[in-house]
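Engineer: Can you keep this structure in mind? I'll have questions shortly.
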Amino acid sequence: MNETAAPATTSAVTAGRSLWDDARSRFARNRAAMASAAYLLLMAVLCIFGPMLLPNSYETIYQNYTRVPPSLTAYPTADMIGPAIEEAAARARVKLEGWEERGDRVEIRLSSEKDIDPRVTRYIDRSDLLDDAEVKASAPGSMTISAALEKRYFFFGTDSTGRDLLARTLMAGRVSLSIGLLAGLIAVLIGVFYGSAAGFIGGRTDQVMMRIVDVLYSLPFIFFVIMLVVFFGRNFLLMFVAVGAVLWLDMARIVRGQTLSLRRQEFVEAAEALGVSRARILLRHIVPNLLGPVVIYMTLLVPNVIILESFLSFLGLGVQDPMSSWGVLISQGAKNIPGANWLLVFPSIFLTTTLFALN
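Spelled out as structure tokens, the structure:
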């Protein structure tokens, strides 16, 4: 008698994948997106830690280095030493007989009708090019001073007031990225939950909520910012409030329109039939399905936030000196194109590459 064994049945449990998992998987397969994410991470690290590692501070003014071009070699150059020594001798009210460069130090010969006070070395030390001045030889009516050349590197050059452009560009990146990302994120969060709630609830609640949006649309943005400045003063955090309180309106309308098309889908009706609460349907079914339009609008919102911040700073309502932003640096560089085009080139490269990576 032949016995045939019945095939064993195994129940394999397949784990489901959420919309967030699908989105992360598609993002990881996109090489351009991963390269852009790596670039944005690198830019954020440079802007956060770069100013702390650079030898020159973003707010220090070097009067002898105004509008010097970018260079990979150390300053000062040979043609800068002579005028700096002449300026120091003129301030000290002594006559410059000559100077000679010897390695990393400079010997300066001074003369005067009277005896020269040894404290004249203070005028030499005040120069941004010379340091550690000391009297080497002294005689009635003459003096020889030895001073060290103070080497400085300005890889991006300096601006019109003598501040290191590299340090200012990285510090400006902190402001632009923080305002662009944080204010944009705040606007997206408010707009998503406000618009999805209005579209999902519907009825009179939807009408009232959208009429509130229309009223806020009618308020002039500049008037709103001026009122905030009058009541709270000029504050860096004011930029987040001003930008985030206005830019969420467009997101709310976009999300509401998408929610109206989603709330009658089969999976939403199935969740309602199973007795799932409205809040849970909104968070687990409606909002995840809005991920595509939200991400696309977010990439457009961040550049818009940076432009708005630059506009407010140009009017004197935003970032104030010694702080800066990429928009402010570009505005200042545009005024110096004929004689110092590097003031426009480097901030523009940082801004355009960052916006390109975001998109």
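Quick note: the sequence shown uses our numbering, first residue 2, plus one each step. Glycine included, every Cβ here is placed at the ideal spot set by N, Cα and C.
Where does M324 fall in DSSP's three states?
Structural biologist: Reduced to three states, the DSSP call for M324 is coil.
Engineer: Would you tell me roughly how many angstroms separate the C-alpha atoms of D118 and A90, rounded to the nearest one?
Structural biologist: Each residue's alpha carbon lies about 13 Å from the other.
Engineer: Starting from the C-beta of V193, find all residues in its chain whose C-beta is less than 7 Å away, skip the five residues before and the five after it, and write them out in chain order.
Structural biologist: For V193, where only same-chain residues beyond five positions count, the Cβ hits under 7 Å are M252, V256, V288, L291 and V295.
Engineer: Quick one: complete alpha helix (DSSP H) runs, 4+ long, within the segment 58-97?
Structural biologist: Runs found: 79-93.
Engineer: Do you know how far the Cα of F312 is from the Cα of G196?
Structural biologist: So the two alpha carbons sit approximately 28 Å from each other.
Engineer: May I ask you to report which of helix, strand or coil DSSP gives A1?
Structural biologist: The question about residue 1 has no answer here: the residues shown for the chain are numbered 2 through 360.
Engineer: Alpha carbon to alpha carbon, how far is L130 from I109?
Structural biologist: Each residue's alpha carbon lies about 14 Å from the other.
Engineer: Let me know the secondary structure DSSP gives V46 once reduced to three states.
Structural biologist: Helix at V46.
Engineer: Taking the CB atoms as reference points, tell me whether S349 and G328 lie closer together than 8 Å.
Structural biologist: Their beta carbons are not under 8 Å apart, which means S349 does not touch G328 by this criterion.
Engineer: Using only CA atoms, which one of L301, S179 and M211 lies nearest to I49?
Structural biologist: Measuring from the Cα of I49, the nearest candidate turns out to be S179.
Engineer: Flag this pair as yes or no: are the beta carbons of L261 and V269 separated by less than 8 Å?
Structural biologist: Contact: no.
Engineer: For R120, name the three-state secondary structure that DSSP assigns.
Structural biologist: In the structure shown, R120 sits in a helix (DSSP, three-state: H, G or I).
Engineer: Does the structure place the segment 179-190 close enough to the segment 73-88 that three or more beta carbon pairs sit under 8 Å?
Structural biologist: No contact exists between the segment 73-88 and the segment 179-190.
Engineer: Relative to the alpha-carbon of R254, which residue among V303, V189 and G83 has its alpha-carbon at the smallest distance?
Structural biologist: Residue V189 is the option with its Cα nearest to R254.
Engineer: By Cβ distance below 6 Å, which residues in the same chain neighbour N337 in space, the five residues on each side in sequence not counted?
Structural biologist: Excluding positions up to five away in sequence, the list reads L344.
Engineer: Any C-beta of chain C sitting closer than 8 Å to the C-beta of F347?
Structural biologist: Among the protein chains of the structure shown there is no chain C, as only one such chain exists.
Engineer: Can you round the beta-carbon distance between L167 and L55 to whole angstroms, since I take them to be within the 8 Å contact cut?
Structural biologist: So it is a contact: roughly 7 Å between Cβ atoms.
Engineer: Between S278, T355, F225 and S26, which has its C-alpha nearest T300's C-alpha?
Structural biologist: The residue with the shortest Cα to Cα distance from T300 is T355.
Engineer: Let me check understanding here. Comparing Cα to Cα, which of I331, V136, T159 and F347 lies closest to N65?
Structural biologist: Among I331, V136, T159 and F347, the Cα nearest to that of N65 is on T159.
Engineer: So what does DSSP say about T10, is it helix, strand or coil?
Structural biologist: Summary for T10: the model assigns pLDDT 48, below 50, so the residue's position carries little reliability; its value from the coordinates is reported in the next sentence. Three-state DSSP puts T10 in coil, outside helix and strand.
Engineer: Could you compute how far the alpha carbon of S326 sits from the alpha carbon of I307?
Structural biologist: S326 and I307: Cα-Cα distance of roughly 9 Å.
Engineer: Any idea which residues DSSP pairs E108 with across the strands?
Structural biologist: Looking at the DSSP assignment, E108 forms a beta bridge with E101 and S147.
Engineer: How about V230 and L111: do their beta carbons lie closer than 8 Å?
Structural biologist: No.
Engineer: Should L284 and F201 be called a contact, given that it needs their Cβ atoms to be closer than 8 Å?
Structural biologist: The answer is no: Cβ separation not under 8 Å.
Engineer: Can you list, in chain order, the residues of its chain with a C-beta nearer than 8 Å to that of T145? Leave out the 5 residues immediately preceding and following it.
Structural biologist: Only E108, I109, R110, L111, V136, K137, A138 and S139 meet the Cβ criterion.
Engineer: Pull the bridge partners of V136 from the DSSP assignment, please.
Structural biologist: Answer by DSSP bridge pairing, in chain order: I146.
Engineer: Please name the residue in L171, S37 and V226 whose C-alpha comes closest to that of L316.
Structural biologist: Here the closest residue by C-alpha is V226.
Engineer: Starting from E273, trace the alpha helix (DSSP H) in both directions and tell me its first and last residue.
Structural biologist: E273 -> alpha helix (DSSP H) spans E267 to A274.
Engineer: Check L352 in the structure and name its three-state DSSP category.
Structural biologist: Looking at L352 - three-state DSSP - the assignment turns out to be helix.
Engineer: In the DSSP output, what is T159 paired with across the bridge?
Structural biologist: Per DSSP, D165.
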